[in-house]
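S.K.: According to the numbering used here, the sequence shown holds residues -14 to 504 in order.
Below are the structure tokens for one structure; questions will follow.
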Amino acid sequence: MAVSTSFYGAKLEPLFIKYCSSSSSSLSYVTTHLSFFGRNRKSLDQCQRGSIIRCEASSDNANSVSALQQLKTSAADRYTKERSSIVVIGLSVHTTPVEMREKLAIPEAEWPRAIGELCNLNHIEEAAVLSTCNRMEIYVVALSQHRGVKEVTEWMSNVCSLLYPQAINSISAGLDSLVMGEGQILAQVKQVVKAGQGVNGFGRNISGLFKHAITVGKRVRTETNIAAGAVSVSSAAVELALMKLPNQASQGNARMLVIGAGKMGKLVIKHLVAKGCKKMVVVNRSEERVAAIREEICDVEIIYKPLSEMFECVGEADVVFTSTASENPLILKEHVKELPLASEEVGCKRLFVDISVPRNVGSCVNDLESVKVYNVDDLKEVVAANKEDRLRKAMEAQVIIDEESTQFEAWRDSLETVPTIKKLRAYAERLRVAELEKCLGKMGDDINKKTQKAVDDLSKGIVNKMLHGPMQHLRCDGSDSRTLSETLENMHALNRMFSLETEISVLEQKIRAKVEQKP
């Protein structure tokens, strides 16, 4: 499998930070690893195309001019030998703390705008965004892998004002989640597809990738039962809160408050009820969602309070769960320090369990002796339970993932020869039409329509039969034993034999078009 056809997971390591005069940060070294939905990674230095990718950030703001100049001065075959690559760059709960992840978090409503900005970069053709409490990932189709990675990391730096955004590999089957096997990530992947529908830049490659990921996720859950016994982020939050309460008696009497009645908040409420909680207060902007939850969950007292009464409710609660989509902290040190202490049953210490990213509870709140704040990164303590069983199931899932990744790669490989197939068909059609016109001209004006159609059909039949062999040797969809390298050799041979190659490659044409569109 050629490197350029693989699915990339980029891991950017801040080995050296170079400060420059522009506002964007400089990343001197970019190490890219192959990855597909959690499969074993393989560094580029083991692959056909070379070793570590080095992207030197430019301090020049005239990126459009420099990019065009690079095209003019580069070797003649610089882009003819390179294929577009699918690249993923991002952060996860496994590699970076919540303090950094929240700075990169992109609200779902902003995903289309982010896709547009990414696709305006010189070497990015398609894009998608996946931003959750545990990860923030940018998926792109890069016309040039090296320059594409550089442009995306610079975009992340500019948007988020970070000196060294780190990046990680991506998954879809729940293997890379904080809670291995949890199903929420699959729903979030589906949401990426839903949010990308109709958005320019959410193209065939990226759309195909995410749709295939959904298929993989469903198959893994069906065939491995990996989700059995696994906890979600919401259930882990409830488990953590109960673990931190002083004793069993306090668990039943602790006053519970949930701030936010969205998807995560609703799950927190359900898990509290499952643990025996019979009464809780829910703070939300509107009562409609709370009323719907109340109708769904019977025999539990769910008291609605508006957001305007949030601090009063916090002062009356022992355990506070926060899960809103607010981009700024809702609860700060100055809001909490004057509140009454928690009840004696919980040791007079109020617990905050914040599962929002960006965080709803400021880190400064932890400075107070009367409270203890936990965030999503603290859930690892709960997740460690039953990890061995889930790891065993993950090994079973890996077999499925490898199989499905091969199918996806074969599908994407099959796209490589599409331009040649189109050009060869167009070339043959031009010859056919030209020769047909000559033939009909020699036959005179009195030829009837039936004869004209017969001759036309004859010419089409001959061309189709002549093209059948070459077209078969351009197939690379996994349905035969032909390798990608063999198919590409056939493609290049046909390009040479029939003079199908243009002065510049398809990739270079796309890049030039993007650069020339810049103001």
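Heads up, the beta-carbon is just placed ideally off N, CA and C, and yes, glycines get one too.
1) How would you write the range of the alpha helix (DSSP H) that residue 86 sits in, first residue to last?
2) Roughly how many angstroms lie between the CA atoms of residue 479 and residue 455, to the nearest whole one?
3) Please return the same chain residues whose Cβ sits closer than 6 Å to the Cβ of residue 60, not counting the five positions on each side in sequence.
4) Between 102, 200, 171, which has its C-alpha nearest residue 143's C-alpha?
5) Going by DSSP in three states, residue 231 sits in which element: helix, strand or coil?
6) If you reduce the DSSP assignment to three classes, tell me which class residue 428 lands in.
7) Cutting at 7 Å between CB atoms, please list the residues of its own chain near residue 272, excluding the five before and the five after it.
8) Measure the Cβ-Cβ separation of residue 315 and residue 222 and say whether it is below 8 Å.
9) Would you mind reading off the limits of the beta strand (DSSP E) that contains residue 97?
10) Near residue 106, which residues of its chain fall below 6 Å by C-beta distance, leaving aside the five closest residues on each side in sequence?
11) Between residue 451 and the rest of its own chain, which residues show a CB-CB distance below 8 Å, the 5 nearest in sequence each way excluded?
12) Going by C-alpha distance, which of 361, 326, 110 is nearest residue 342?
13) Per the DSSP calculation, residue 143 is bridged to which residue(s)?
14) Can you check whether the C-beta of residue 349 is within less than 8 Å of a C-beta belonging to chain D?
15) Name the two residues that bound the continuous alpha helix (DSSP H) containing residue 258.
16) Which of the three DSSP states is assigned to residue 303 in this structure?
17) What does the Cβ neighbour count give for residue 87, buried or exposed, with the cut at 16 atoms within 10 Å?
18) Grab me the residues of residue 31's own chain with a C-beta within less than 7 Å of its C-beta, minus the 5 sequence neighbours each way, in chain order.
19) Give the secondary structure of residue 290 by DSSP, where H, G and I count as helix, E and B as strand, and everything else as coil.
20) Considering residue 360, what are the terminal residues of the beta strand (DSSP E) in which it resides?
21) Starting from the Cα of residue 81, find the closest Cα among 125, 110, 121 and give me that residue.
22) Compute the Euclidean distance between the alpha carbons of residue 304 and residue 125, then round it to the nearest angstrom.
23) Less than 8 Å between the C-beta atoms of residue 485 and residue 435, yes or no?
24) Can you say whether residue 183 is buried or exposed, counting buried as having 16 or more other CB atoms within 10 angstroms of its CB?
25) Looking only at its own chain, which residues have a Cβ that is under 7 Å from the Cβ of residue 279, when we skip the five neighbours before and after it?
26) Beta-carbon separation of residue 186 and residue 104 under 8 Å?
27) Would you kindly check if the distance between the Cβ of residue 334 and the Cβ of residue 318 is under 8 Å?
28) In angstroms, rounded to a whole number, what distance separates the CA positions of residue 449 and residue 199?
29) Where do the ends of the alpha helix (DSSP H) carrying residue 339 lie?
30) How long is the line joining the alpha carbons of residue 226 and residue 253, rounded to whole angstroms?
31) For residue 327, name the three-state secondary structure that DSSP assigns.
32) Does the Cβ of residue 170 have 16 or more other Cβ atoms within 10 Å, making it buried, or fewer, making it exposed?
33) Look up residue 285 in the DSSP assignment and say whether it is helix, strand or coil.
34) Check residue 31 in the structure and name its three-state DSSP category.
35) Using a 10 Å radius around the Cβ and a threshold of 16 neighbouring Cβ atoms, would you call residue 302 buried or exposed?
36) Assuming residue 112 is part of the beta strand (DSSP E), what are its boundary residues?
M.R.: So, from the listed chains and residues:
1) Its alpha helix (DSSP H) spans residues 83 to 89.
2) 8 Å
3) Reliability fails at residue 60, whose pLDDT of 37 lies under 50, so the model's placement of it is uncertain and the value that follows must be treated cautiously. Cβ neighbours of residue 60 beyond the five flanking positions: none.
4) Taking each of 102, 200, 171 in turn and checking the Cα distance to residue 143, the smallest one comes out for 102.
5) Here DSSP, grouped into helix, strand and coil, assigns residue 231 to coil.
6) coil
7) 289
8) no
9) Here residue 97 belongs to no beta strand (DSSP E); instead the alpha helix (DSSP H) covers 96 to 104.
10) Counting only Cβ-Cβ distances below 6 Å, and skipping sequence neighbours, we find 136.
11) Correct list, in chain order: 413.
12) The candidate whose alpha carbon is nearest that of residue 342 is 361.
13) Paired residue(s): none; residue 143 is not in a bridge.
14) Considering every chain present, this structure includes no chain D. It has just one protein chain.
15) If you look at residue 258, you'll find it in the alpha helix (DSSP H) that goes 248 to 259.
16) coil
17) Residue burial is scored here from C-beta neighbours: residue 87 has at least 16 other C-beta atoms within 10 angstroms and is therefore classed as buried.
18) Only weak support exists for where residue 31 lies, its pLDDT of 30 falling under 50; the value from the coordinates is given anyway. For residue 31, where only same-chain residues beyond five positions count, there are no Cβ hits under 7 Å.
19) strand
20) 356 to 360
21) 121
22) Our two residues, residue 304 and residue 125, have alpha carbons roughly 41 Å apart in a direct line.
23) no
24) exposed
25) A distance below 7 Å between beta-carbons, with the five flanking residues on each side excluded, links residue 279 to the following residues of its chain, in chain order: 287.
26) yes
27) no
28) 38 Å
29) Where residue 339 is concerned, there is no enclosing alpha helix (DSSP H), although the beta strand (DSSP E) it sits in stretches over 335 to 339.
30) 11 Å
31) coil
32) buried
33) coil
34) With a pLDDT of 30 at residue 31, under the threshold of 50, the predicted position of this residue should be treated as unreliable, though the coordinate-derived value follows. Residue 31 falls in the helix class under three-state DSSP.
35) With 16 or more Cβ atoms within 10 Å of its Cβ, residue 302 is classed as buried.
36) 109 to 116
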